[in-house]
């Protein structure tokens with residue numbers, strides 16, 4: 106076991122991962138979903154900016 110900074114959070118993470126694999130998977134899926142939505146919003150915003158700039162020219 107690693108002692109020092111972060112050792113407590115590491116042990117919590119490990120017990121979560123081994124204690125309930127499905128819960129771990131759900132958390133990961135939720136994180137991936139949020140990241141995907143964020144990426145999509147950024148792509149939409151970028152394309153909107155490009156269209157706006159082109160319309161002004």
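Residue numbers (my numbering): 106 to 162. For glycine and all other residues, C-beta sits at the position ideal for the given N, C-alpha and C.
Residue i versus residue j: straight-line alpha-carbon distance, rounded
i	j	result
residue 157	residue 149	12 Å
residue 153	residue 140	20 Å
residue 161	residue 125	55 Å
residue 130	residue 145	22 Å
Residue i - DSSP class collapsed to helix/strand/coil
i	result
residue 148	helix
residue 125	coil
residue 159	helix
Same chain, Cβ closer than 7 Å to residue i, five either side skipped, listed in chain order
i	result
residue 138	none
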